[in-house]
Structures are given as structure tokens and as C-alpha cells.
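Engineer: Here the sequence shown is numbered in full-length UniProt numbering, starting from 1 and rising by one per residue. Even for Gly, the Cβ is constructed at its ideal location relative to N, Cα and C.
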Amino acid sequence: MPHRLVTVEPRRAFREPGVARDEVMFVRSGLLSKFKTDGAGRRQIVALRFPGDGILPREGEADYGIQAIVRSEVLVGRAEDFDPIVEQNPEMAKFFWKLTQRHNSIGYEWLVNCGRRDSVARVAHLLCETAERSGADVLADGLANPFTQQQIADITGQTSVNVNRVFADLERQGLIRREGKHIFFEDWNELRRVGSFQPGYLQ
1 MPHRLVTVEP
11 RRAFREPGVA
21 RDEVMFVRSG
31 LLSKFKTDGA
41 GRRQIVALRF
51 PGDGILPREG
61 EADYGIQAIV
71 RSEVLVGRAE
81 DFDPIVEQNP
91 EMAKFFWKLT
101 QRHNSIGYEW
111 LVNCGRRDSV
121 ARVAHLLCET
131 AERSGADVLA
141 DGLANPFTQQ
151 QIADITGQTS
161 VNVNRVFADL
171 ERQGLIRREG
181 KHIFFEDWNE
191 LRRVGSFQPG
201 YLQ
């Protein structure tokens with residue numbers, strides 16, 4: 001399929017909300033976010049796309065924007081080239097159906113995380129999910145945290161001040177240790193318990 005490779009710099013909108021989205025994207029490296037804003041301009045990050053993930057075309061205007069969390073490389077193609085390939089290849093259609101189901105499952109989990117878990121559990125769950133999706137060796141290497149505190153706040157529906165308090169609390173409990181942007185998991189199983197993290201929804 002014809003495509004172009006685009007380098008996307010972090011913390012600036014790659015695609016704005018309310019714009020027709022007749023294209024397909026695949027993350028080659030880095031990390032993309034999908035975001036929405038409310039009437040007051042407050043941002044909520046509603047999804048993350050890791051390497052290997054895609055953002056599929058949609059009809060009409062997209063009600064979400066796209067922004068890189070870190071410097072990312074994205075393969076961008078046209079929907080008119082993508083659609084016939086999927087329609088003519090049952091195996092590829094099945095792959096993208098499974099990909100869509102996986103993204104839906106993650107979205108449902110995020111709803112529960114923001115709607116029913118407390119502030120500590122929300123952040124613990126996000127750290128566990130990010131480590132799992134990035135393929136980190138959590139016991140040996142920990143996690144190279146890609147997020148700013150504000151981005152974590154925008155994902156978990158909190159203020160950045162509260163996120164800072166949560167990190168301090170996780171450290172006091174002996175669950176994590178921070179060295180700069182790097183997070184080491186001192187008690188991975190307990191962190192999973194605190195965040196009610198069960199990775200089955202990521203399959």
C-alpha cells in the first residue's frame with residue numbers, strides 16, 4: 001500500500017479534532033495518544049497507540065485529535081488505498097477486526113479506571129498497562145516512563161499536583177522507585193493488586 005513515513009514531535013497536535021480523517025496510520029516507533037477536549041478546553045487522553053498499533057480511517061469528521069507522547073514515527077496511507085486491500089484479503093480483515101476488538105477492550109478498561117478506581121489505583125493501573133504494552137522486562141529493567149505528570153493527569157482524570165502526590169505515595173509504600181524518568185518496580189505483584197490490573201484485556 002502506498003504510504004509515507006512521518007516523524008511526529010511530542011506535545012503538539014499531529015491531527016486536530018473536527019477534521020475529516022480519510023487516512024490510516026500505523027505507529028512504527030514511539031507512542032501516540034488520542035485526545036478530546038471539553039468546552040473549557042480541558043484535555044482528556046482517551047487512548048494510546050504503541051508500536052504496531054494502528055489508527056483506522058473513519059467516515060466524516062473525527063471527534064478526537066492525535067498527538068505524540070514522545071518523538072514518534074508514523075506510517076500514513078490513504079483510506080482509498082487501504083479499504084480495498086482489507087476487503088480482498090480475509091486474513092487481513094480478521095487481523096484488523098481483532099485489533100479493533102482489542103482497542104475496544106482497552107477503552108472499556110479505561111472507563112472503569114477513571115470512573116471507579118481511586119487516584120492511586122488509576123496511576124498504578126496505568127503504569128502496569130504501559131509496562132505490559134511496551135514489552136518492558138518489569139522485574140529486571142522497570143519502565144522508561146514516557147509520560148509527563150500532566151499527561152498522566154490527562155489520562156487518569158486528575159490534576160498534575162494530585163499525580164505527584166500519588167507517585168510519592170507509591171514510593172512510600174515501597175511499590176516503585178524513581179530515578180529521573182525511569183521507574184523501577186520494587187513490588188510488581190502488589191502494584192498490580194493496588195491497580196486491579198489483570199492483563200487479559202490486552203490480548
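(1) Compare the beta carbon distance of Val76 and Glu9 with 9 Å and say whether it is the shorter of the two.
(2) Do you know offhand how far Glu129's Cα is from Ala93's?
(3) Determine the DSSP secondary structure at Gly65, reduced to helix, strand or coil.
(4) Do Ser72 and Ser134 have their C-beta atoms closer together than 9 Å?
(5) Would you call the CB atoms of Trp110 and Val46 closer than 9 Å?
(6) Mapping DSSP to helix, strand and coil, what is Gly180?
(7) Measuring CA to CA, which of Arg177, Asp137 and Ser119 is closest to Asp154?
(8) Where does Gln203 fall in DSSP's three states?
Structural biologist: Considering the structure as presented:
(1) The beta carbons of Val76 and Glu9 sit no closer together than 9 Å.
(2) Cα-Cα distance, rounded: 26 Å.
(3) Gly65: strand per DSSP, three-state reduction.
(4) The Cβ atoms of Ser72 and Ser134 lie no closer than 9 Å to each other.
(5) With a cutoff of 9 Å on beta-carbon distance, Trp110 and Val46 are scored as near each other.
(6) When DSSP states are grouped into helix, strand and coil, Gly180 belongs to the coil group.
(7) Measuring from the Cα of Asp154, the nearest candidate turns out to be Ser119.
(8) In this structure, Gln203 counts as coil in the three-state DSSP scheme.
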